[in-house]
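Numbering (my numbering), first residue to last: 504 to 1243. C-beta atoms are modelled at their ideal positions from N, C-alpha and C, and glycine is treated no differently. Notes to accompany the following structure.
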């Protein structure tokens, strides 16, 4: 007896392929609207519809097959010139495709779709004239047997892999690259060792000659000493030879491995890359629907569809782009009547452009609409206290436009479904900045608006400039760096109370990066050594500033390590990386640094000053951070120092007890899982000791089980903060509450 195959096992595969077919049908219909006589496009549409219908039949999804069959009949009638595509027909066909998509998402999972199959089929039947059965069949057969579409790639040479597997593979490649960086550091050390052995050989030969000259070849003990000198000479020569051979062999090995690792890294990154068309192709249908809803005439132009970026970036920018396109339709393009009255064509234009610039992708959303109403911006800004009346007159046009990115700022007088139900550009800006990107908006009243997004190709491996600030090394992403310069102390002058320089006719504010990062220099030494210093000119969101640093260390590619848990959203920090000698270096987030260093209004300046100022007048409170992870320990230290606290660190409970014996601490922040003595044992210990029992203690841990939280309270912790819900503001508030 033959075994019955359960066709439900194919549902997942069908759903995946059906989505692709429907997307291509949507795109094809829009292309056909622009050029109704393009029979190549029509043939592609027929092929997609026929394939989708057949697949639905195979997995016994009769409702889907029935609707697609009706849609296919309409396409055949268009091809045979029995029907002419018009706007009403398009709306019904899109309605049919939307119904199919809903059925695909629900029927394959045996869920209730809510789709009225009979109503959908009746709507489709009303827009075409039925052909004779034989003619229709013949046309359908012809369309499926003879079409070889030029724009569709064969799929038999590709496989589909879970994106999570690629993420894991990318992480492993990242670890290999870190080892590669360390290997280069080892080669540098080996090279130094080669030079040392050569110097040693030279010195030995000099000493040998001196000994021989002083003792002579026939003096007392000369023979025995000569044998020892010969032995030492052989040893030194062998050490020199072997060290050189080791350096040469390892250099060749690492050079060969570099080629392999670089190739592997590139292949894995390429495999994660997707064309931006993956997102862009959804917008023609969106613009079509929205323009019809608002009774506007809009043409969407798209360029750079082949531009590729990391799959993760594709997923993350989808919503911000969707919001910006909706904004262009809703707020940008005027009604046909308004456009005609102002001398414009009735049809508005939205351009969606993507280009690659170095290691970044630049996406522009341009419209030729009304532009931004500056008077309305001023009115709302004053009303909502975003800017004072006295600052209005001195604010530049671009500074006023940038107010649109403030939280809650909107020029719309009503909430609409199209432009995000009151969600402003601040959300777009925040989402893009979380991707280490930037957003700029330029508007010309009456002529249109351009929003420019600049995002890295990938967040996995980036180019950075390493700079020294005090005794610490930090990394600045090169995507935001314009140039590096040398400046003299005399070049700096006060302009409106702020330090600035004249760079080729442009006034640029400059700030000592050590002041922003709260980094101290040895013996209070200033940044200007011998009267000059290095500066890095950076830009973000239309602002340019120069950060003065102690030294430019060098530029290199680094693997970005995410700051999982409660550290990932800390201001000023974009991530961390590991250098060749194993040291952990913080990658700075330039937009955050600029916010702290360069303010557009006095109101904003005071808000940020309040947020970051020291909460205690006089002596800084001393905090002990106990954490076994070196990177987490250092990041917590940086966070607390930014908030104005003096910080010492310990690697575990035993180390913390030693620190407690040396200094008087105002607060202890501890992890739980640590070697030798864990966080519970540490808190329990200090509560039993007379000298320490009154020191507030905060446990910060990823352990979220109820019994762990309960035990933390039982041993005497004053607060228990979960890493999963941690944020800087909550930590600061908790510390202030506990320390007074």
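The beta-carbon distance between residue 1173 and residue 1129, rounded to whole angstroms, is 4 Å. This is short enough to meet the 8 Å contact definition. Judged by DSSP in its simplified three-state form, residue 1188 adopts helix. For residue 537, DSSP assigns no beta-bridge partner whatsoever.
The alpha-carbon of residue 780 is positioned some 16 Å away from that of residue 853.
Judged by DSSP in its simplified three-state form, residue 979 adopts strand.
Under the criterion of beta carbons closer than 8 Å, residue 881 and residue 907 do not qualify as touching, at roughly 12 Å. Assigned with DSSP and collapsed to three states, residue 531 falls in helix. Per DSSP, reduced to three states, the secondary structure at residue 1009 is strand. Beta-bridge partners of residue 900 (DSSP): none assigned. Within the model, the alpha-carbon separation for residue 531 versus residue 545 is close to 7 Å. Across the structure, residue 690 and residue 867 are spaced so that their CA atoms are roughly 45 Å apart. Beta-bridge pairing by DSSP links residue 1039 to 987 and 1050.
Bounds of the alpha helix (DSSP H) holding residue 827 are 814 to 830. Burial state of residue 1178 is exposed, judged by a 10 Å Cβ sphere holding fewer than 16 other Cβ atoms. Of all C-beta pairs linking the stretch 1006 to 1026 to the stretch 967 to 980, three or more are shorter than 8 Å, placing the two stretches in contact. Inter-segment contact for the stretch 808 to 815 and the stretch 776 to 790 is present: three or more beta-carbon pairs are separated by less than 8 Å. Runs of the beta strand (DSSP E) spanning 3 or more residues and lying entirely within the stretch 554 to 604 do not occur at all. Taking C-beta atoms as the reference points, residue 1001 and residue 1042 fail to come closer than 8 Å. Non-local C-beta neighbours of residue 806 in its own chain, meaning closer than 6 Å and more than five positions away in sequence, comprise 856, ordered along the chain. Under the 8 Å Cβ criterion, the stretch 825 to 844 counts as touching the stretch 950 to 957, having at least three qualifying pairs.
Of the residues 1162, 1194, 625 and 698, the one whose Cα lies closest to the Cα of residue 745 is 698.
Residue 559 and residue 1213 have their C-alpha atoms some 55 Å from each other. Following the DSSP letters along the chain, one finds residue 621 inside the alpha helix (DSSP H) bounded by residues 620 to 628.
Here residue 1057 carries a strand assignment [DSSP, helix/strand/coil]. In this structure, 706 is the residue among 824, 1184 and 706 with its C-alpha nearest to the C-alpha of residue 735. Ranking 940, 791, 1140 and 862 by CA distance to the CA of residue 591 puts 791 first. Residue state for residue 1150 is assigned as strand, using DSSP reduced to three classes. In the three-state reduction of the DSSP assignment, residue 874 falls in the coil class.
Non-local beta-carbon contacts of residue 588 in its own chain, meaning distances under 8 Å to residues more than five positions away in sequence, involve 535, 536, 539 and 581 in chain order. A residue is called buried once 16 or more other Cβ atoms fall within 10 Å of its Cβ, and residue 1009, having fewer, is exposed. Distances from the alpha-carbon of residue 784 to those of 525, 1192 and 1203 put 525 closest. Comparing C-alpha distances from residue 845 to each of 757, 991 and 949 shows the shortest one belongs to 949. Nearest neighbour of residue 577 by Cα position, chosen from 566, 593 and 567, turns out to be 593. CA-CA distance, residue 600 to residue 1099, rounds to 50 Å. Beyond the five residues adjoining it in sequence on each side, residue 993 comes within less than 8 Å, by CB distance, of 1034 in the same chain, given in chain order.
In the DSSP secondary-structure assignment, residue 844 is not bridged to any residue.
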